[in-house]
C-alpha cells in the first residue's frame, strides 16, 4: 500500500486530490492540519518526514487570496509560500521521497504573455504587479523541483492550473474569486426576486475555468506518468505542465450561465464604467494533451456541481 502525503488537504484542490486517491484504493493517505503541523517551520516539517515512510507528496498547500489580499499582505504571500515549498521539498528529499508533485498557478506567466500561454513563456517578461510576490514564490517552487531533480536525481514534477472552481471553494462575500462570487450573488438575487443584477465591465474579456475535480484528476495523471514519458515531453529546466481546458469563454457567457444555473430570471445590467482587466487569459494545454489527459466537466455542468455544493454548505458562508 502506497503512503501518500497530501499537503493542503483542507483546501479546494487538496481535498479533491484526497477524494480521488481514496476512490482508487490501495493507498494510505497522510494529512496534517495547520494546527498539527506548521509547514513554515523547517524543523517541524523535517521531523514529520523523518521515518514516515512517505513515498509520494502532493504539494497543494499554499497561502492564497484575491487581488485585495495580495496587495495588502505581499510579505506574507511571498514568505509563507516560499517557506512551505522549501520545507516540504527539502524535507521530502532528506527523507528519501522520490516522487513529488508541486501545484503552482497560471500567474507565473508574464502579464503580457502571448495567448494562449505556453510553458515556454515562463521568465520571458514582467509579471502582473498585483500578485508578483505570490507568482515569484510559485516560480521558485518550480525551480526547486527542477534543481533537486538535476542535483539529486529525484522525480519532482510541477503542474500549473488555470482558474479553478468547485466544491470547497471560498464563497465568502468579500474575498471570493469570480465564480463563487457570481454564484452567491445570483443565488441571493434569485431568492430575493430581484429584477436585475449589475455585472462589472463590458462582458467581453475571455477567461478559462477548470473544475477542481478535473484538476485533481490531471494532477494524479501527471504524478503517475512513466518517468521516461514525462521527461520526453518536458525539459529539465522547463519541466512544468499547464493544466486547463484549452477553451475559454467571455465573461458575459459565464455570467449568463451562472444566472441559468441559479435560476435567476431577471435582467443582467453591464456597468461599463468598471474595468475589464486583461482581454484574454488562456492556457496552452498541448503538452498535457500529448501526455494523454483531457478535461471532463463542461462549464455548465461544472457550475451546477459547484452550486449544489454551495447550497449544501451555505451555512458556512454567512456574512
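Residue numbers (the working numbering): 0 to 318.
The beta-carbon is built from N, C-alpha and C at its ideal position, and this holds for glycine as well.
All of these numbers come straight from a predicted model, not from anything done at the bench.
Check	Outcome
Residue 284 beta carbon less than 9 Å from that of residue 244	yes
Exposed unless 16 or more other CB atoms sit within 10 angstroms - verdict on residue 301	buried
Alpha-carbon to alpha-carbon, residue 144 and residue 82	14 Å
Euclidean distance between Cα positions of residue 240 and residue 198	33 Å
Meets three-Cβ-pair contact criterion under 8 Å: the stretch 9 to 22 and the stretch 213 to 224	yes
Cβ shell of residue 52 (< 6 Å), same chain only, five flanking positions each side left out	2
Contact between the stretch 291 to 298 and the stretch 152 to 163 (3+ Cβ pairs under 8 Å)	no
Contact under 9 Å by Cβ, residue 186 with residue 36	no
Residue environment, residue 173, which counts as buried when at least 16 other CB atoms sit within 10 Å	exposed
Buried/exposed call for residue 271, threshold 16 Cβ in 10 Å	exposed
Inter-stretch contact (C-beta, 8 Å, three-pair minimum) for the stretch 24 to 39 and the stretch 92 to 102	no
Residue 10 burial status per 10 Å Cβ neighbour count (16 or more: buried)	buried
Cross-strand partners of residue 210 (DSSP beta bridge)	164
Nearest neighbour of residue 277, chosen from 230, 60, 235 and 203 [CA to CA]	203
Proximity below 9 Å, CB of residue 260 to CB of residue 161	no
CB of residue 13 within 9 Å of CB of residue 59, strictly	yes
With 16 other Cβ atoms within 10 Å as the buried cut-off, status of residue 314	exposed
Sub-9 Å separation of residue 177 and residue 267 beta-carbons	no
Between the CA atoms of residue 148 and residue 28 - distance to the nearest angstrom	24 Å
Every unbroken alpha helix (DSSP H) inside the stretch 28 to 97 [4 residues or more]	41 to 48, 66 to 71 and 73 to 93
Residue 173 (DSSP reduced to helix, strand or coil)	coil
Limits of the beta strand (DSSP E) - the one that residue 292 falls within	Residue 292 -> no beta strand (DSSP E), and no H or E assigned at all.
For residue 107 and residue 146, the rounded distance between their alpha carbons	18 Å
Terminal residues of the alpha helix (DSSP H) in which residue 254 lies	250 to 261
Residue environment, residue 152, which counts as buried when at least 16 other CB atoms sit within 10 Å	exposed
C-beta atoms of residue 116 and residue 281 nearer than 9 Å	yes
Assigned exposure category for residue 247 - 16 Cβ within 10 Å defines buried	buried
Rounded C-alpha distance that separates residue 131 from residue 171	24 Å
Three-state class that DSSP yields for residue 195 in the structure shown	strand
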